[in-house]
Structure formats: C-alpha cells, structure tokens
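Trainee: Sharing a structure below in structure tokens format, with a few things to ask.
Residue numbers (my numbering): 74 to 425.
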C-alpha cells in the first residue's frame with residue numbers, strides 16, 4: 074500500500090473536523106402556509122418567526138466542542154439588516170457565540186478579491202462536493218479528475234477553506250490572522266475578537282484538519298505551511314459574533330460590498346456576487362440543495378448555531394440558536410429564515 078493510500082485510510086476514520094457536526098437530529102422543513110392577506114412589515118415577519126419557533130426544541134448542540142455543547146439552547150435571536158441600514162430584531166440578537174464555518178465566507182471574500190476569480194477557481198474550485206464537509210474522499214476523487222474540481226473542492230468545505238486560508242497573504246501567522254480578523258470586522262462594522270476557549274479546544278483536537286492540510290500539500294494544493302495554515306483556519310472559526318453582526322456582514326454582501334452601517338467599501342460588487350454564488354451552492358453543508366430549492370436564498374451556517382441568508386440588493390437575515398440538525402445547521406435558524414422569506418415573498422428565483 075502506498076503512503077498516500079495509508080494517509081487516506083487514516084483520514085477516513087479519524088474524528089469529525091473542527092467546523093462540522095453531524096448528529097441524530099430532526100431536519101428543519103419549510104412552513105407550507107398561504108401568504109399573509111395583508112402586506113406584512115419586516116418587523117412583523119421577524120416577530121412572527123420568533124414567536125412561532127421560540128418553543129421549538131428540535132436538534133442538539135454540537136457535542137465535540139465542550140464550549141458549544143454547553144450552550145444555552147433557550148437562546149434565540151433574529152436580526153434583519155437592510156441595505157439602507159435599517160435593523161429589525163427579536164430575542165437574543167446581541168448574544169455572543171463562535172462564528173465557526175460562517176467565517177469561511179468572509180475569508181473567501183478577501184482571498185477572492187486578491188487572487189481573482191480564475192485563480193480561485195483553479196486553485197480551490199467552486200463546485201459542491203456531494204460529500205461530507207470534512208471528507209478526505211472528496212479530495213482524492215477531485216485529484217483523480219473524477220469531478221470537475223481541483224482537490225480542495227470549494228471554499229466552504231473544510232479542505233477548500235483550509236486551502237483558502239493558505240492563500241491569505243502575510244509574512245507571519247500573526248500578520249495573516251490580522252488580515253482575517255480585520256476583514257471580518259470590516260464586514261461587521263465593529264472590531265471582532267477571538268474566543269480563546271473555543272480556539273484552544275479546537276486546536277487540542279485538530280488532527281483531522283491537519284491531515285487534510287497535509288494531503289492537500291502532497292497534491293500541491295496547499296499554498297503555505299500546513300501547521301501554520303491549520304492554526305490560522307482554527308482562529309478563523311473561533312471569533313465571536315452576534316446575530317446582529319452576521320446580519321450586517323450579510324447585508325454588506327447584499328449591498329455589493331458596501332457596509333450599510335459604516336458605508337465602508339469592504340469589497341467590490343463582483344466579489345460579492347461570486348461569494349453569494351458559492352454560498353448558494355455549498356453554504357448549508359450536505360443540505361445546500363434542499364435549502365436553495367425550499368428557500369431560494371444564498372446562506373451560510375455554522376455549528377456555533379448561527380446562520381445568515383442574503384437577499385441581493387435588499388437585506389440579510391441572521392439567526393442564532395444553538396441546537397443543530399443532522400447536517401450541522403441551526404434548526405430554529407432555518408425555520409425562522411424560511412418563515413421570514415415566505416412572509417416577505419423574497420426568493421432570488423422570483424421574476425420580480
């Protein structure tokens with residue numbers, strides 16, 4: 074057996090990766106009810122979603138990170154931010170929680186702008202993998218040219234996000250981290266900070282992600298030191314946000330890269346469009362297709378309990394609720410966003 078095959082065998086049996094969780098929980102489904110008979114306001118839609126799902130107890134917290142496992146399952150917050158800076162919220166909208174995989178979106182935005190669309194497509198890929206987010210098999214299949222992607226897959230699976238992190242410019246880990254957190258903070262419109270408890274917990278059990286980085290390196294699709302890249306990637310998953318932060322960050326993408334609160338041009342319109350395209354096809358783990366089919370909005374979730382959906386040219390909707398479904402997506406978060414999108418009649422595939 075070759076050394077590479079031994080590496081694959083190891084990868085296929087190691088524990089779950091730091092930004093992904095799969096558990097035996099019930100998946101969220103869209104509410105199938107008639108549209109309201111009157112024109113509903115955004116705040117009314119937010120209030121309705123909050124009240125309808127406040128008592129929902131489906132799902133369970135991510136158990137592989139003690140900090141997340143102990144999260145208060147009763148906490149539940151919804152925020153909508155429009156591109157003209159209006160804010161609508163309900164519940165625990167200002168509670169801090171780890172961003173986890175949602176961070177991949179904003180690191181992607183930075184790297185995409187620096188590298189350019191063709192470089193990113195060739196170095197990482199943009200196709201959904203159809204396999205679990207921490208899959209090593211997807212890397213092998215891509216490398217064997219059995220799919221249309223290079224080995225990393227896309228920037229929102231772990232392999233692709235690790236490859237993306239390796240493209241962040243900087244002469245040192247601290248310089249690279251400063252770029253990542255400054256980018257995220259610009260999207261949020263305020264300084265964001267690392268949750269050291271989450272970072273330490275994830276770094277202590279990061280063998281699978283490190284193995285993915287080493288495998289990518291062996292195929293020449295990791296662009297920096299493996300250990301340093303995994304440290305950066307883990308920090309990226311470990312900064313704190315609120316539902317309001319996520320809504321502002323999403324609204325910045327909805328607004329073509331201009332933050333609707335600070336009016337800073339964080340990125341450009343072309344970058345925003347391409348980031349939203351990847352969110353649409355790969356933002357909710359293995360259920361991304363079902364989400365787009367049911368809701369019709371680009372979105373990204375994280376196992377910390379956050380989820381953000383973007384309505385290009387209009388707004389972003391963000392929710393925090395820690396219990397997750399089997400794919401690692403917030404149960405109440407999905408239900409709330411589906412409800413708001415339904416009530417407001419927003420879907421990127423509508424003809425008006």
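Cβ coordinates follow ideal geometry from the N, Cα and C atoms, glycine included.
Name the DSSP bridge partner or partners of residue 313?
Mentor: Walking along the chain shown from the start, residue 313 turns up at place 240. Answer is 171.
Trainee: State the beta-bridge partners of residue 154 as determined by DSSP.
Mentor: Here the question's residue 154 lines up with position 81 in the chain shown. According to DSSP, which records beta bridges pairwise, residue 154 is partnered with 160 and 389.
Trainee: With which residues is residue 370 paired in a DSSP beta bridge?
Mentor: Looking up residue 370 in the chain shown gives position 297. Looking at the DSSP assignment, residue 370 forms no beta bridge with any residue, so it has no partner.
Trainee: Going by DSSP, what residue range makes up the alpha helix (DSSP H) through residue 233?
Mentor: For the purposes of this step, residue 233 is taken as residue 160 along the chain shown, with counting starting at 1. Note, residue 233: alpha helix (DSSP H), 231-239.
Trainee: Determine the burial state of residue 110: buried for a count of at least 16 other Cβ atoms within 10 Å of its Cβ, exposed for fewer.
Mentor: In the chain shown, the residue the question calls residue 110 occupies position 37. Residue confidence is low: residue 110 scores 46 on pLDDT, short of 50, so the model does not pin down where it sits. No coordinate-derived value is stated.
Trainee: Specify, as a first and last residue, the run of the alpha helix (DSSP H) that residue 115 falls within.
Mentor: Numbered from its first residue, the chain shown carries residue 115 at position 42. Run containing residue 115: 115-126, per the alpha helix (DSSP H) assignment.
Trainee: Can you give the Cα-Cα distance for residue 243 and residue 249, rounded to whole angstroms?
Mentor: Position 170 of the chain shown, counted from the first residue, corresponds to residue 243. Position 176 of the chain shown, counted from the first residue, corresponds to residue 249. Between the alpha carbons of residue 243 and residue 249 lies a distance of about 5 Å.
Trainee: Note down, in chain order, each residue of its chain lying with its Cβ closer than 7 Å to the Cβ of residue 369, except the 5 sequence neighbours on either side.
Mentor: Position 296 of the chain shown, counting from 1, holds the residue named residue 369. Cβ neighbours of residue 369 beyond the five flanking positions: 420, 421 and 422.
Trainee: May I ask you to report which of helix, strand or coil DSSP gives residue 254?
Mentor: Stepping through the chain shown from its first residue, residue 254 is reached at position 181. Looking at residue 254 - three-state DSSP - the assignment turns out to be helix.
Trainee: Would a C-beta distance cut-off of 8 Å place residue 170 and residue 406 closer than the cut-off?
Mentor: As a working mapping, residue 170 is identified with position 97 in the chain shown. As a working mapping, residue 406 is identified with position 333 in the chain shown. No, the pair does not count as a contact, with Cβ atoms beyond the cut-off.
Trainee: Check whether the stretch 343-356 touches the stretch 282-289, counting contact only when three or more Cβ pairs, one atom from each stretch, lie closer than 8 Å.
Mentor: no
Trainee: Verify the CB distance criterion: does residue 241 have a CB-CB separation below 8 Å to chain D?
Mentor: Of the chains in the structure shown, none is chain D; there is only one protein chain.
Trainee: Could you spell out the range, first to last residue, of the alpha helix (DSSP H) harbouring residue 212?
Mentor: By one-based count along the chain shown, residue 212 stands at place 139. From DSSP, the alpha helix (DSSP H) with residue 212 extends over 210-216.
Trainee: Leaving out the 5 sequence neighbours to the left and right, which residues in its chain are closer than 6 Å to residue 402 when beta-carbon positions are compared?
Mentor: Working through the chain shown from its first residue, we reach residue 402 at position 329. Same-chain partners within the cutoff: 357 and 374.
Trainee: Which residue or residues does DSSP assign as beta-bridge partners of residue 380?
Mentor: If you number the chain shown from 1, residue 380 lands on position 307. Answer is 374 and 392.
Trainee: Return the CA-CA distance between residue 327 and residue 345, expressed in angstroms with no decimal places.
Mentor: One-based indexing of the chain shown puts residue 327 at position 254. One-based indexing of the chain shown puts residue 345 at position 272. C-alpha separation (whole angstroms): 8 Å.
Trainee: Answer yes or no: do residue 305 and residue 253 have a C-beta to C-beta separation smaller than 8 Å?
Mentor: Here residue 305 corresponds to residue number 232 of the chain shown, with the count starting at 1. Here residue 253 corresponds to residue number 180 of the chain shown, with the count starting at 1. Taking 8 Å as the Cβ cut-off, residue 305 and residue 253 qualify as a contacting pair.
Trainee: Kindly indicate which residue of 202, 241 and 236 has the alpha-carbon position closest to the one of residue 222.
Mentor: Here residue 222 is taken as the residue at index 149 of the chain shown, counted from 1. For residue 222, the nearest C-alpha among the options comes from 202.
Trainee: Nearest-angstrom Cα distance between residue 363 and residue 410?
Mentor: Counting from one through the chain shown, the residue named residue 363 turns up at place 290. Counting from one through the chain shown, the residue named residue 410 turns up at place 337. Taking the straight line from one Cα to the other gives about 14 Å.
Trainee: Which value, in whole angstroms, describes the spacing of the CA atoms of residue 143 and residue 191?
Mentor: Numbered from 1 along the chain shown, position 70 holds the residue referred to as residue 143. Numbered from 1 along the chain shown, position 118 holds the residue referred to as residue 191. Their backbone Cα atoms lie some 42 Å apart in a straight line.
Trainee: Out of 196, 245 and 257, point me to the one whose CA is closest to residue 235's CA.
Mentor: Position 162 of the chain shown, counted from the start, is the residue given in the question as residue 235. Per the Cα distances, 196.
Trainee: Span of the alpha helix (DSSP H) holding residue 354?
Mentor: Here the question's residue 354 lines up with position 281 in the chain shown. Unbroken alpha helix (DSSP H) run through residue 354: 342-355.
Trainee: Have a look at residue 183 and residue 395 and give me their C-alpha separation to the nearest angstrom.
Mentor: Reading the chain shown from its first residue, position 110 is the one you call residue 183. Reading the chain shown from its first residue, position 322 is the one you call residue 395. So the alpha carbons of these two residues sit roughly 28 Å apart.
Trainee: Going by beta carbon distance, what residues of the same chain come within less than 7 Å of residue 199, once the five residues before and after it are set aside?
Mentor: For the purposes of this step, residue 199 is taken as the residue at position 126 of the chain shown. Here the set comprises 227 and 351.
Trainee: Who are the Cβ neighbours of residue 330 in its own chain at under 7 Å, not counting the five residues just before and after it?
Mentor: Your numbering for residue 330 matches position 257 in the chain shown. Contacts found: 338, 339, 340, 341, 342, 344 and 345.
Trainee: Compute the Euclidean distance between the alpha carbons of residue 404 and residue 130, then round it to the nearest angstrom.
Mentor: Against the chain shown, residue 404 aligns to sequence position 331. Against the chain shown, residue 130 aligns to sequence position 57. Roughly 9 Å between the two C-alpha positions.
Trainee: Please give me, in chain order, every unbroken run of the beta strand (DSSP E) with length at least 3 that falls completely inside the stretch 267-294.
Mentor: Inside the stretch 267-294, DSSP marks no whole beta strand (DSSP E) run of 3 or more residues.
Trainee: Please determine, among 272, 292, 416 and 379, the residue with the shortest C-alpha to C-alpha distance to residue 398.
Mentor: Counting from one through the chain shown, the residue named residue 398 turns up at place 325. Cα-wise, what sits closest to residue 398 is 379.
Trainee: Could you give the residue range of the alpha helix (DSSP H) that holds residue 404?
Mentor: Here residue 404 is taken as the residue at index 331 of the chain shown, counted from 1. Per DSSP, residue 404 belongs to the alpha helix (DSSP H) from 404-417.
Trainee: Quick one: what's got a C-beta closer than 7 Å to residue 384's C-beta in the same chain, skipping five residues either side?
Mentor: Taking the chain shown and counting its residues from 1, one reaches residue 384 at position 311. Within the same chain, residue 384 has close Cβ partners 327, 370 and 419.
Trainee: What do you get for residue 173, buried or exposed, if any count of 16 or more other CB atoms within 10 angstroms of its CB means buried?
Mentor: Counting from 1 along the chain shown, the entry for residue 173 is found at position 100. Answer is buried; the Cβ neighbour count reaches 16.
Trainee: On the CB-based measure, 16 or more other CB atoms within 10 Å of its CB, does residue 336 come out buried or exposed?
Mentor: The residue you call residue 336 lines up with position 263 of the chain shown. Result: exposed.
Trainee: If I follow the unbroken alpha helix (DSSP H) through residue 178, where does it start and stop?
Mentor: Along the chain shown, one-based indexing puts residue 178 at 105. 176-188 is the extent of the alpha helix (DSSP H) around residue 178.
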